[in-house]
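So the structure is just underneath, and the comments pick up after that.
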Amino acid sequence: MKNILIKNIKGLAGILENNKNPLRGEALNNIDIIQDAFLAIENGLIVQYGKMSDLQGVEDWRNLEIIDAEGKYVMPAYCDSHTHIVFAKTREEEFVDRINGLTYEEIGKKGGGILNSANKLAEMSETDLFESAMTRLDLIKSMGTGAVEIKSGYGLSVEAELKILRVIKKLKQASDLTIKSTFLGAHAFPLEYKNNKDAYVDLVINEMLPKIKAENLADYIDVFCERNYFTPEQLDRILTAGVKAGLKPKIHVNQFSILGGVEIGVKHGAISVDHLEEFDENDTSVLKNSKTIATALPSCSFFLNIPYAPVKNMVKNNIAIALASDFNPGSTPSGNMQFVNALACIKMRLTPQQAFNATTINGSYAMELDQDLGSITVGKKANIIITKKIPSLDYIPYAFGENCVEKTILF
Ligand code: NIG
Ligand code: FE
1 MKNILIKNIK GLAGILENNK NPLRGEALNN IDIIQDAFLA IENGLIVQYG KMSDLQGVED
61 WRNLEIIDAE GKYVMPAYCD SHTHIVFAKT REEEFVDRIN GLTYEEIGKK GGGILNSANK
121 LAEMSETDLF ESAMTRLDLI KSMGTGAVEI KSGYGLSVEA ELKILRVIKK LKQASDLTIK
181 STFLGAHAFP LEYKNNKDAY VDLVINEMLP KIKAENLADY IDVFCERNYF TPEQLDRILT
241 AGVKAGLKPK IHVNQFSILG GVEIGVKHGA ISVDHLEEFD ENDTSVLKNS KTIATALPSC
301 SFFLNIPYAP VKNMVKNNIA IALASDFNPG STPSGNMQFV NALACIKMRL TPQQAFNATT
361 INGSYAMELD QDLGSITVGK KANIIITKKI PSLDYIPYAF GENCVEKTIL F
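Read in the working numbering, the sequence shown has 335 at position 335, and its numbers run on one by one without any break.
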């Protein structure tokens, strides 16, 4: 592996030494930046950084590639802790239906939505699914993402759920992005279980989970707890079984309604509870006294025209927050984490610093990758973004829609 010295960096951002927990409250307000800096990478790891005036010796290294980053920022690659990027087809027709007045829930009820994606996925080969997902990984890498969580959930049968999870396993091997895998068999009820929903829950628990465990196909377990989808009781059952199988929960809750799923997730030691567009005082008190990360998905709110999760209040209440893309064909056809930063600032009124931390270091915690990724730290992997020449770091969320990333370097 070659060694790299990046020099003349306008600002080396996201430096964090001795960090032990996700950033909360006031700690989110700060980004450590060294102006006019260098960063030294040996065997894929960050070994040294500092001011250019302190750079000594490194240039004598053998096998050294030198990158001049004059006018550019270097920062940790984004950690996108919630996506569904293994899918068969995009869903523009539902996008048009919504413009013409249907809601996301109405489309789902008439067999569109997640079931639409499941029908299409059933027909697609593992190879084609793998290739289309690889293309999406390349796309998000070009926009700065270095680590990503990917869910199943467009299978909804034993065979198809396993197919997706096997694709994710192959992506882990083939891609230079760091990937975590989540089993989301409980994403929607297939039509044939419409009048016997608990039988589908049984299928998830008794047929899917044991096979997934046997093949070691998932890191996490997810459930879409929502009216017309999975009830809090079903969530509880599935998480109990998932945890028993060694999978930690990362769940979909409070997207359209508050059913008590946050509390159930926390009870089962969820790494994160995601969506939270609807959020009440009970959710606040449950989360602020827990280790669970509240993950908001602003691009989903933007695309579906639904409320944004009240993250500013969560920060005030000392809840650990992360921001992720939710990249999927139905509610968020974008994995652009720079746009997530823009929306977090423009719509959720986070500062650029808070948004930066929520998409880098706290995103790494939401995938349990904090030992290796998410900050500029000696000993961590040098998975970084080199920006284009930009006037300031705040320019990234400000110039929404522009790709400010010149290069994402991953090991
Ligand atoms: O996170 N809300 C549930 N699941 C996805 C969307 C699924 C779809 O519409 O295909 C989400 O928004
Ligand atoms: Fe999602």
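Idealized CB from N, CA, C, for every residue including glycine.
Along the chain, where does the alpha helix (DSSP H) that runs through residue i open and close?
i, result
"Asn357", "352-359"
"Lys211", "209-215"
"Lys197", "197-202"
"Gly108", "104-109"
"Asn313", "311-316"
Based on DSSP bridge pairs, tell me the residues matched to residue i.
i, result
"Ala40", "Leu5, Gln48"
"Ala13", "Ile33"
"Ile179", "Val148"
"Ala186", "Val223"
"Thr83", "Ile150"
"Lys244", "Note: Lys244 sits in no beta bridge, so no partner."
"Lys381", "Leu45"
Can you confirm whether residue i, when its beta carbon is compared against all beta carbons of chain E, has any partner nearer than 8 Å?
i, result
"Ile251", "No chain E appears in the structure shown, which is made up of a single protein chain."
State the DSSP-derived secondary structure class of residue i, mapped to helix, strand or coil.
i, result
"Cys225", "strand"
"Ser117", "helix"
"Val96", "helix"
"Phe130", "helix"
"Gln234", "helix"
"Cys345", "helix"
"Tyr220", "strand"
"Asp372", "coil"
"Tyr395", "helix"
"Thr53", "Residue identity differs from the one stated: residue 53 is Ser in this sequence, not Thr. Three-state result, Ser53: helix."
"Ser364", "helix"
"Ile251", "strand"
"Lys407", "strand"
"Thr332", "strand"
"Lys194", "coil"
"Met124", "coil"
"Phe339", "helix"
"Ala88", "coil"
"Gly101", "coil"
"Leu259", "coil"
"Glu402", "coil"
"Asn206", "helix"
"Gly112", "coil"
"Leu28", "helix"
"Leu239", "helix"
Starting from residue i and walking both ways along the beta strand (DSSP E), at which residues does that stretch end?
i, result
"Gly269", "No beta strand (DSSP E) holds Gly269; DSSP gives it neither H nor E."
"Glu65", "64-68"
"Ile384", "384-389"
"Ile321", "321-323"
"Val74", "72-76"
Compute every distance between the C-beta of residue i and the non-hydrogen atoms of the ligand SAH, then say whether any falls below 7 Å.
i, result
"Thr332", "For the ligand SAH, the structure offers nothing, since it holds only the ligand NIG and the ligand FE."
Quiz item: Between the stretch 76-92 and the stretch 325-341, do three or more beta carbon pairs fall short of 8 Å?
Solution: Taking one beta carbon from each stretch, the stretch 76-92 and the stretch 325-341 have 3 or more pairs nearer than 8 Å; the two touch.
Quiz item: Does the stretch 264-277 come within contact of the stretch 230-241, defined as at least 3 CB pairs closer than 8 Å?
Solution: yes
Quiz item: Do three or more CB pairs link the stretch 44-59 to the stretch 365-385 at distances below 8 Å?
Solution: The way I'd put it, the stretch 44-59 does touch the stretch 365-385; three or more beta-carbon pairs between them come closer than 8 Å.
Practice problem: Starting from the N-terminal side, write out each stretch of the alpha helix (DSSP H) that is 4 residues or longer and does not extend beyond the stretch 268-303. | Solution: 281-288
Practice problem: Would you list, in sequence order, the uninterrupted beta strand (DSSP E) runs of no fewer than 3 residues that lie entirely inside the stretch 135-174? | Solution: Counting only runs that start and end inside the stretch 135-174, the beta strand (DSSP E) elements of at least 3 residues fall at 145-151.
Quiz item: Can at least three beta-carbon pairs, one atom from the stretch 174-181 and one from the stretch 90-101, be found at a separation below 8 Å?
Solution: Taking 8 Å as the limit for Cβ pairs, the verdict is that the stretch 90-101 does not touch the stretch 174-181.
Exercise. Would you check if there are 3 or more beta carbon pairs closer than 8 Å linking the stretch 109-119 to the stretch 65-77?
Key: no
Self-check item: Meets three-Cβ-pair contact criterion under 8 Å: the stretch 144-151 and the stretch 175-189
Solution: As far as the Cβ criterion goes, the stretch 144-151 touches the stretch 175-189, which means the pair count is three or higher.
Quiz prompt | the stretch 315-334 / the stretch 368-377 touching (three or more Cβ pairs under 8 Å) | solution = no
Self-check item: Validate contact between the stretch 209-227 and the stretch 340-357 using beta carbons, cut 8 Å, 3 pairs
Solution: Cβ pair count under 8 Å is below three, so no.
Quiz item: Between the stretch 159-173 and the stretch 117-132, do three or more beta carbon pairs fall short of 8 Å?
Solution: yes
Quiz item: Hey, is the stretch 8-18 in contact with the stretch 397-409, meaning 3+ C-beta pairs nearer than 8 Å?
Solution: no
Practice problem: Would you check if there are 3 or more beta carbon pairs closer than 8 Å linking the stretch 402-410 to the stretch 185-205? | Solution: Below 8 Å, too few C-beta pairs join the stretch 402-410 and the stretch 185-205 to call them touching: fewer than three.
Exercise. Say whether the stretch 24-32 touches the stretch 356-369, bearing in mind that this needs 3 or more beta-carbon pairs closer than 8 Å, one atom from each stretch.
Key: yes
Quiz item: Is there contact here, the stretch 248-263 with the stretch 203-216, by at least three beta-carbon pairs under 8 Å?
Solution: no
Quiz item: Contact between the stretch 281-296 and the stretch 309-325: three or more CB pairs below 8 Å?
Solution: yes
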